[in-house]
Amino acid sequence: TSQNKDIDWIFVMFHKPMYSPLSKQFEEYIIRNKYQPIFDKYGVDLVISGHNHIYSRTLPLSFNKLNISQPIVDQNSSTTSNNSNIFTNPNGTIFLVVGVGGAEPYRITEKLYYIANQYNERFGFVDLKIDGKRLDGALYDIGLNCKMAITEKTKREVIDLESCLPSSSTSNNSNNNLKIIDRFTIIK
């Protein structure tokens with residue numbers, strides 16, 4: 064695939080994240096150790112995973128064989144200084160965790176240096192649009208208002224998923240009212 068001139072983009076999808084903010088679920092170092100060198104070799108553009116009930120997007124990352132817990136961040140692909148949203152010919156893969164689709168979001172305990180954006184406040188989805196050698200991505204908050212409830216078993220407050228209703232601004236079924244949480248662009 065990486066040698067086929069008719070293919071502009073290479074995506075990989077799997078369940079557990081290789082890179083993720085510190086949360087209830089841990090990053091998968093075994094998967095990282097096995098697969099990221101392959102992703103680097105063959106030019107994988109985007110890895111999409113779930114499992115962790117949060118959203119996160121990394122900067123372009125390459126495998127660090129000297130310390131697998133410290134990936135190498137591409138410092139040269141941003142089109143403007145300190146821009147963590149637009150990447151031109153990035154050297155490395157961007158990793159998305161899209162786990163905000165319906166289960167209760169997990170608490171994020173720390174933002175790691177290679178995470179460009181993270182979110183765990185409400186439910187959402189990622190929209191990817193490709194136009195030739197340009198990919199635009201956006202995380203949308205779908206605007207659900209949910210009530211909280213105390214569980215009988217653990218006696219802690221959780222989201223009552225059955226109570227979730229669209230907010231008044233999104234209840235007219237218009238996608239124009241979705242809140243954009245994150246935007247990013249990759250240009251090849």
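Every letter in the sequence shown is one number past the one before it in the working numbering, and letter 66, counting from 1, is 129.
Quick reminder that beta carbons are idealized off the backbone N, C-alpha and C, glycines included.
Keep in mind that this is a model prediction, so the values were computed, not measured.
Check	Outcome
Residues near aspartate 108 in its chain [Cβ-Cβ closer than 6 Å; skip 5 each side]	Trp72, Ile73
Residue from Lys192, Lys174, Lys251, Val163 whose Cα sits closest to the Cα of glutamate 184	Val163
CB contact flag (lysine 251, lysine 216, <8 Å)	no
Beta-carbon proximity list for phenylalanine 102, same chain, < 6 Å, skipping 5 on both sides	Thr156
Cβ-based burial, methionine 81 [other Cβ within 10 Å; buried from 16]	buried
Contained alpha helix (DSSP H) runs [length at least 4] in the segment 64-146, N- to C-terminal order	92-105
Counterpart residues of alanine 166 in DSSP-defined beta bridges	Bridge partners of alanine 166: none, in fact.
Unbroken beta strand (DSSP E) run spanning tyrosine 203, endpoints	197-204
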